[in-house]
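Below is one structure; the comments refer to it alone.
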Amino acid sequence: MENVETVYFVGIEGEGCVPGLEMDPKIEKRTIREPYTKNLPRWMYLLSLPVKIFQQMLQLFLILMFSIGSSEYILVQNPPCIPTFVIVKLVAWLRGIKVIIDWHNLGFSVLALKLGENHPLVLVARIYEKVFAHIGDYHICVTRALKEWLCDSFSLSENKITVMYDKAPGFFHPRNVVEKHRLFYKLSDDLFSNGFGRCPATMYETPFTKATPSASANDEEENRGHYDPYTDDDPTTKFKLALKPDRPRLLISSTSWTPDEDFGILLDALAFLDRRITRDDLVDTFPLIICVVTGKGPQREMYEEKIAQLHLQHIFIRTMWLEAGDYPTLLGSCDLGVCLHTSTSGLDLPMKVVDMFGSGLPVCAVDFQCLPELVKHNVNGKIFKSDVQLADQLFELLSRDENGDNPELSKLREGVKDHNKERWQKQWLKKVKPIFETEIPRPWAMGYPLLFLMVAGLLFGVTKMFPTFSQSLLKR
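So for the sequence shown, the numbering used here puts the first residue at 1; every next one is plus one.
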């Protein structure tokens, strides 16, 4: 963004953005308020849909037309395309702005998840998306499979579509032991409560890490009085922080708790794994497992009730909602990730896997159409099709040999490192920046001519309706 004056970030209000975006002086946020229909019961969804669409259309139009400064491009993410595409088309025509569509999925396929594939509204949404897809002067999409589909089904020009795989931004990266220790201490109430009593978390020790006086420390108690995981910039000058050899394994899965992710697969796999550890008499040798599930959504409470009924002996499941700054740190502190995302269209890739890879984390992911474009089986992760397969993969990757190592997990980590050689900024400069440098003819702005015609028409109407008044004005 070194050559960009201002980027206007327009989106529906909700959780805060990552600190890097919030603090960037070149980025100005414009938020769309949640529609008043948000909290209505599910049976009123169809009735409230027109009201929701109208509210969003009005807000989006006013923001794009009057709240943002002079702009050359509108980069619009899809989904959602209703009502975004029609408003963007109108504003682009009125203001003479070029449009680039960033395809992350297909909007009608998301609607089909709620209403069913054969619902008339889904058919209308598909036609709408196909027609208005052509407002884009250029297109970006996240998989080769999606590009081919857009060319075949929406008749978009192959030359106007570029594939840019999502890559994690720089704040997703593996974490050192100091960062891990601070996070475990900060999250200790959520991570190590409710039955996990092996080791209470203190400023000096957690179930994963331990701080011991360094060789340069003269008096342990004196140094303890000075060490605070939150404020000490370099605790290693007084303490030696290390990962415990007998620490638990930390497993993580991020979910939106929605029907397109069958979270029951993970619960069943963990139940199978827990029974296997007991059956094979591995209770004393297999590491304890803490499984963290982050996110919030409509099915969270339902699954939390199921988790409470599992009564697992060797595995502890924690559901959490993290601050934006803590989530990347937690990913970089885990041993293994699990992804249950299957895609409504089968043509997009799970962003949560991208973030996990950026954090150096191998992933077990449920199989679907284009997943191999991201997860390479036995290279940077594992692909499974059932809960039994996932349970076997977790057993293989979370165990430790007599030296405390896991060669297969280490091999997958090396595969993730290879995947991360090209990060987001490099991808953007190579794939997307040239689009903004392409000489796309700028459409003629119709806003000012229309405004002139409206004012002229208004004056003409006044002179016809009030001829005496208009003649008196002319005499003056």
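Using N, Cα and C, we set each Cβ at its ideal position, and we do this for glycine too.
May I ask which residues mark the beginning and end of the alpha helix (DSSP H) holding residue i?
i    : result
M320 : Here M320 belongs to no alpha helix (DSSP H); instead the beta strand (DSSP E) covers I315 to M320.
L113 : G107 to L115
K430 : First-last for K430: undefined, no H or E at that position.
S188 : S188 to L191
E22  : P19 to M23
F272 : G264 to R279
With DSSP as the reference, identify every bridge partner of residue i, one or two as the case may be.
i    : result
Y73  : K98
C334 : Answer is none; C334 lacks a bridge partner.
C141 : W103 and V163
F239 : P213
N78  : W103
A365 : C339 and I383
Y204 : Bridge partners of Y204: none, in fact.
G136 : Looking at the DSSP assignment, G136 forms no beta bridge with any residue, so it has no partner.
F184 : For F184, which the question treats as bridged, DSSP gives no partner whatsoever.
S359 : S359 is not bridged to any residue.
E250 : The residue you asked about is not Glu; residue 250 is Leu in the sequence shown. In the DSSP output, where bridge partners are listed per residue, L250 has I290.
G11  : T31
H377 : G381
E261 : H341
Taking C-beta to C-beta, are residue i and residue j nearer than 8 Å?
i    : j    : result
H119 : N78  : no
I101 : V122 : no
V293 : T329 : no
H314 : V353 : no
L273 : L394 : yes
S188 : T206 : yes
I289 : L251 : yes
V363 : V375 : yes
L183 : S333 : yes
A112 : Q369 : no
L115 : A133 : no
D348 : T84  : no
V18  : F239 : no
I478 : D367 : Nothing can be reported for residue 478: it is not among the residues displayed for the chain, which extend from 1 to 476.
D335 : R249 : yes
L21  : F61  : no
W241 : H173 : Per the sequence shown, residue 241 should be read as Leu rather than Trp. No. Outside cutoff.
What are the boundary residues of the beta strand (DSSP E) that includes residue i?
i    : result
A308 : That residue, A308, is in no beta strand (DSSP E); its alpha helix (DSSP H) goes R300 to A308.
Y128 : It is not in any beta strand (DSSP E) - Y128 instead sits in the alpha helix (DSSP H) that spans P120 to F132.
G410 : Before going further, note that residue 410 is Ser rather than Gly in the sequence given. S410 -> not in any beta strand (DSSP E); alpha helix (DSSP H) instead, spanning P407 to H419.
A391 : Counting along the chain, A391 falls outside any beta strand (DSSP E), though it belongs to the alpha helix (DSSP H) covering D387 to L398.
Under the rule that 16 or more other beta-carbon atoms within 10 Å means buried, what is residue i, buried or exposed?
i    : result
I317 : buried
L429 : exposed
I82  : buried
E220 : Caution is warranted here: a pLDDT of 47 is assigned to E220, below 50, making its placement in the model unreliable, and no coordinate value can be reported.
G14  : exposed
G225 : Note that G225 scores 44 on pLDDT, short of 50, meaning its location in the model is unreliable; the coordinates nonetheless yield the value given after this. It is exposed - the Cβ of G225 has fewer than 16 other Cβ atoms within 10 Å.
T209 : buried
E222 : Low confidence applies to E222: its pLDDT is 45, below 50, so where it sits in the model is not reliable, and the reading given next is rough at best. Label assigned to E222: exposed.
F108 : buried
S345 : buried
M302 : exposed
M356 : buried
L473 : For L473, the pLDDT reaches just 48, beneath the cut-off of 50, and the residue's location in the model is therefore unreliable, although a value from the coordinates is still provided. With fewer than 16 Cβ atoms within 10 Å of its Cβ, L473 is classed as exposed.
L396 : In the sequence under discussion, the amino acid at residue 396 is Glu, which differs from the Leu named in the question. Burial call: exposed.
I127 : exposed
N218 : Note on N218: pLDDT 49, under 50, position unreliable in the model; the coordinate value appears next. Exposed.
F9   : exposed
S359 : buried
R247 : buried
D280 : exposed
N406 : buried
V4   : exposed
L491 : No statement about residue 491 is possible, as the shown extent of the chain runs from 1 to 476 and does not include it.
Meets three-Cβ-pair contact criterion under 8 Å: the segment 335 to 346 and the segment 247 to 259: yes
Segment contact, 8 Å Cβ cut-off, at least three pairs: the segment 151 to 170 with the segment 415 to 435: yes
Three-pair Cβ contact test at 8 Å for the segment 267 to 282 versus the segment 383 to 399: yes
Inter-stretch contact (C-beta, 8 Å, three-pair minimum) for the segment 135 to 142 and the segment 87 to 102: yes
Stretch-stretch touch, CB-based, cutoff 8 Å, three pairs: the segment 54 to 74 with the segment 23 to 32: Verdict: yes, contact present.
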